[in-house]
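Visitor:
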Amino acid sequence: MTHAALTRWFTDEAVVKKTRLSEEFGFEELKAQYGQVQPLFLITEEGALQVFTVEGTIKPQIGQTLISLVLAQPESEELAAAAAQATP
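Counting in the working numbering, the sequence shown runs from 30 upward without gaps.
Structural data, given as structure tokens:
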């Protein structure tokens, strides 16, 4: 990820998210929930820190903790805003 790309993510209000992966909520569910996900680090079950790189082949697994940048999907934001307005 270049500095310019990282700047764009934060300009678009990306947040750093820590997610413990499980059978019920894995990497695919994270991508489905937030739309755009840029993995940064992975913490193994043993506590080792792995860094995602362009050349790397890290595969997030159940029981590991993923630290990533996420952007919410516009549709999700619109639904949340509509739900907030509908709540008395």
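Ideal placement from N, C-alpha and C gives every residue a C-beta, glycine not left out.
(1) Note down the Cα distance separating Tyr-63 from Glu-42, rounded to an integer number of angstroms.
(2) Please state the DSSP three-state secondary structure of Leu-98.
(3) If you drop the 5 nearest sequence neighbours on each side, which residues of the same chain put their C-beta closer than 8 Å to that of Val-44?
(4) May I ask which residues mark the beginning and end of the beta strand (DSSP E) holding Gln-90?
(5) As an exercise, report each continuous beta strand (DSSP E) stretch of at least 3 residues that is fully enclosed by the segment 39-73, in chain order.
Guide: Put simply:
(1) 12 Å
(2) strand
(3) Leu-98 and Val-99
(4) Note, Gln-90: premise wrong, no beta strand (DSSP E); not H, not E.
(5) The segment 39-73 is shown to contain whole beta strand (DSSP E) runs of 3 or more residues at 44-49 and 65-72, in chain order.
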